[in-house]
Amino acid sequence: MQFQFLLPTRIVMEPGLRARTGEHLAELGLRHVLLITDPGVKRAGLLENIYQSLDSAGIRYAEVSDVKPNPRAEDVNLVAEQFRGQGIDGLLAVGGGSAMDAAKAIAVLLTHPGKVEDYEGAFQLQGSVLPVVAIPTTAGTGSEVTFFSVITDTKRQFKMSLLDYRIGPVLALLDSDITATLPPAIAAATGMDALTHAIEAYTGKPANPISDGLALHAIRLIARYLKPAVQEPDNLEAREQMLIASLIAGMAFGNADIASVHCISEAIGGMYDTPHGVGNAIFLPFVFAHNRDADLRRHADVAYALGIDPTLAPAAAAEAAVEHLFTMSRELEIPRFSEVAGVREEDFPAIAEKSKSNISDSSNAKPMSVDSYLAIIRQAYQY
Numbered sequence: 066m067q068f069q070f071l072l073p074t075r076i077v078m079e080p081g082l083r084a085r086t087g088e089h090l091a092e093l094g095l096r097h098v099l100l101i102t103d104p105g106v107k108r109a110g111l112l113e114n115i116y117q118s119l120d121s122a123g124i125r126y127a128e129v130s131d132v133k134p135n136p137r138a139e140d141v142n143l144v145a146e147q148f149r150g151q152g153i154d155g156l157l158a159v160g161g162g163s164a165m166d167a168a169k170a171i172a173v174l175l176t177h178p179g180k181v182e183d184y185e186g187a188f189q190l191q192g193s194v195l196p197v198v199a200i201p202t203t204a205g206t207g208s209e210v211t212f213f214s215v216i217t218d219t220k221r222q223f224k225m226s227l228l229d230y231r232i233g234p235v236l237a238l239l240d241s242d243i244t245a246t247l248p249p250a251i252a253a254a255t256g257m258d259a260l261t262h263a264i265e266a267y268t269g270k271p272a273n274p275i276s277d278g279l280a281l282h283a284i285r286l287i288a289r290y291l292k293p294a295v296q297e298p299d300n301l302e303a304r305e306q307m308l309i310a311s312l313i314a315g316m317a318f319g320n321a322d323i324a325s326v327h328c329i330s331e332a333i334g335g336m337y338d339t340p341h342g343v344g345n346a347i348f349l350p351f352v353f354a355h356n357r358d359a360d361l362r363r364h365a366d367v368a369y370a371l372g373i374d375p376t377l378a379p380a381a382a383a384e385a386a387v388e389h390l391f392t393m394s395r396e397l398e399i400p401r402f403s404e405v406a407g408v409r410e411e412d413f414p415a416i417a418e419k420s421k422s423n424i425s426d427s428s429n430a431k432p433m434s435v436d437s438y439l440a441i442i443r444q445a446y447q448y
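In my numbering, the protein residues as written are 66 to 448.
Quick look at the structure:
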């Protein structure tokens, strides 16, 4: 056996923690940060305590608060051009995966020349990167502990990935009070995103003993807490446990990769701007069904972690898990693929091609061809 596991991120979790953001940034020696967030976070008033904390700590800050879902390369490049040479010494990302991915990419461009497209792929960086501090506002992406940044290249209608250990946040501040304001639809989609991270980390080829333990525990937490977190907004225990599940699923897939569910989801996200968690939720049961015979034991382990009858034989348990995943999406009111805005059947071959070209395609439990992707896409559309 051969593997490596890295977690460069210090993690601090405490209700109301965002009110001490300035204190934590000062401990890192940061004096002038660029705050990256999105309009929803700003409208919700989640930044007020952070502003006060930064002011109290004497930390200067500039703000970019218009990050779009599925952040665009041109927007990231524009922000980098605006703030190069302005004395920024760190990034503070407050938001979901889009804000954190944008912050990671901007951190690269503030110390590297060119555009974000120049650094697509794995380990393309030549020097240091500005430190990123992340405050997640959703329980889903786990981006606060991963070394990935996913940015949409609108010219290619393709979600490209940047992978480098240096872009992982140095500090993650988890404030469970924040997620209490999360709208149910977003809580549902981001929760299914976290579940997909955990399942693909456990069933994918690069899985390792450390990621296995994290992934299975994340699946158990999500199976128990996702539905109440969505349906009972005042259930703070459920929201807190989902934040933990998202975190440890991020730790797992950050060291074991994702796989074909994400390959398809990122393809449709690049083409139709589909919310990432929605795309994952749609395709998770189809890919799970396709992959299960590649490693029946691991897919059965997922089933048992989801709460499937542990007395069932592995084949029966894995089969039951497929229907369980469909049921979860229905109960959480995740749309079907045919209901996704903009979807056209004539695009399916292109989606399959883009899925196959994804950096994580080779991590899938079972080798995938363009035809394999196309069959799954058509199956999901007809469901």
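Don't be surprised by glycine CBs; every beta carbon is placed ideally from N, CA and C.
Please read all numbers here as calculations on a predicted model, not as lab measurements.
Could you tell me the alpha carbon to alpha carbon distance between residue i and residue j, rounded to whole angstroms?
{"i": "Ile216", "j": "Ile373", "result": "36 Å"}
{"i": "Asn300", "j": "Ala294", "result": "6 Å"}
{"i": "Asn135", "j": "Gly335", "result": "8 Å"}
{"i": "Ile124", "j": "Thr203", "result": "25 Å"}
{"i": "Val367", "j": "Ser434", "result": "24 Å"}
{"i": "Glu182", "j": "Lys169", "result": "14 Å"}
{"i": "Pro196", "j": "Pro350", "result": "37 Å"}
{"i": "Ala288", "j": "Gly205", "result": "14 Å"}
{"i": "Met225", "j": "Pro298", "result": "34 Å"}
{"i": "Gln191", "j": "Ala415", "result": "33 Å"}
{"i": "Ala324", "j": "Glu265", "result": "6 Å"}
{"i": "Glu139", "j": "Ala365", "result": "43 Å"}
{"i": "Thr176", "j": "Lys133", "result": "23 Å"}
{"i": "Asp218", "j": "Glu331", "result": "11 Å"}
{"i": "Leu72", "j": "Glu411", "result": "42 Å"}
{"i": "Ile399", "j": "Thr339", "result": "12 Å"}
{"i": "Leu439", "j": "Ala417", "result": "5 Å"}
{"i": "Gly110", "j": "Asp277", "result": "37 Å"}
May I ask you to report which of helix, strand or coil DSSP gives residue i?
{"i": "Lys224", "result": "strand"}
{"i": "Gly94", "result": "coil"}
{"i": "Val77", "result": "strand"}
{"i": "Phe68", "result": "coil"}
{"i": "Asp240", "result": "coil"}
{"i": "Tyr290", "result": "helix"}
{"i": "Ser394", "result": "helix"}
{"i": "Ser214", "result": "strand"}
{"i": "Val408", "result": "coil"}
{"i": "Pro104", "result": "helix"}
{"i": "Gly278", "result": "helix"}
{"i": "Tyr369", "result": "helix"}
{"i": "Leu157", "result": "strand"}
{"i": "Ile347", "result": "helix"}
{"i": "Glu128", "result": "strand"}
{"i": "Leu50", "result": "Residue 50 lies beyond the residue range present for the chain, which begins at 66 and ends at 448; the question has no answer from this structure."}
{"i": "Arg137", "result": "strand"}
{"i": "Ala317", "result": "helix"}
Mind checking whether residue i and residue j have CB atoms under 7 Å apart?
{"i": "Ile275", "j": "Phe70", "result": "yes"}
{"i": "Ala272", "j": "Ala321", "result": "yes"}
{"i": "Tyr337", "j": "Ser403", "result": "no"}
{"i": "Ala172", "j": "Asp103", "result": "no"}
{"i": "Ala252", "j": "Ala199", "result": "no"}
{"i": "Ala380", "j": "Leu397", "result": "no"}
{"i": "Ala310", "j": "Leu286", "result": "yes"}
{"i": "Ile243", "j": "Ala167", "result": "no"}
{"i": "Val98", "j": "Leu157", "result": "yes"}
{"i": "Ala245", "j": "Arg149", "result": "no"}
{"i": "Gly342", "j": "Asp258", "result": "yes"}
{"i": "Gly162", "j": "Ser208", "result": "yes"}
Report the option in the options whose CA atom is closest to the CA atom of residue i.
{"i": "Val159", "options": "Leu174, Glu128 and Gln147", "result": "Glu128"}
{"i": "Ile442", "options": "Ile347, Thr244 and His364", "result": "Ile347"}
{"i": "Met78", "options": "Lys421, Met257, Leu239 and Val435", "result": "Leu239"}
{"i": "Ser427", "options": "Ala280, Ala383, Gly207 and His327", "result": "His327"}
{"i": "Asn429", "options": "Ile399, Glu396, Ala385 and Val352", "result": "Val352"}
{"i": "Ala359", "options": "Ala324, Lys431, Arg304 and Ile232", "result": "Lys431"}
{"i": "Gly233", "options": "Ala415, Gly81, Gly155 and Lys107", "result": "Gly155"}
{"i": "Lys419", "options": "Val210, Leu174 and Phe223", "result": "Phe223"}
{"i": "Asn142", "options": "Gly162, Glu410, Tyr184 and Val98", "result": "Tyr184"}
{"i": "Gln151", "options": "Pro73, Arg96 and Ser422", "result": "Arg96"}
{"i": "Ser437", "options": "Tyr448, Phe413 and Ile424", "result": "Phe413"}
{"i": "Gln306", "options": "Ser241, Asp277, Ile333 and Tyr267", "result": "Ser241"}
{"i": "Gly269", "options": "Thr255, Leu227, Gly161 and Arg363", "result": "Arg363"}
{"i": "Leu260", "options": "Leu371, Leu228 and Arg221", "result": "Leu371"}
{"i": "Leu228", "options": "Pro248, Ile424 and Arg357", "result": "Ile424"}
{"i": "Lys220", "options": "Leu291, Arg137 and Ala406", "result": "Arg137"}
{"i": "Asn356", "options": "Glu384, Tyr369 and Ile333", "result": "Glu384"}
{"i": "Ala463", "options": "Leu93, Glu113, Val408 and Lys107", "result": "The chain is shown from 66 up to 448; residue 463 falls before or after that span and cannot be answered."}
Strictly under 7 Å for the Cβ-Cβ distance: is residue i near chain C by that measure?
{"i": "His282", "result": "Structure shown: chain C not included; a single protein chain is present."}
Going by beta carbon distance, what residues of the same chain come within less than 6 Å of residue i, once the five residues before and after it are set aside?
{"i": "Ala354", "result": "Val387"}
{"i": "Thr86", "result": "Ile115 and Ser118"}
{"i": "Phe391", "result": "Pro350"}
If you drop the 5 nearest sequence neighbours on each side, which residues of the same chain put their C-beta closer than 7 Å to that of residue i?
{"i": "Ala122", "result": "Gly87, Glu88, Leu90 and Ala91"}
{"i": "His282", "result": "Ile313"}
{"i": "Gly179", "result": "none"}
Is residue i a contact residue of the ligand MN, with contact defined as CB to any heavy atom under 6 Å?
{"i": "Ser434", "result": "Because no ligand of any kind appears in the structure shown, any question about the ligand MN cannot be addressed here."}
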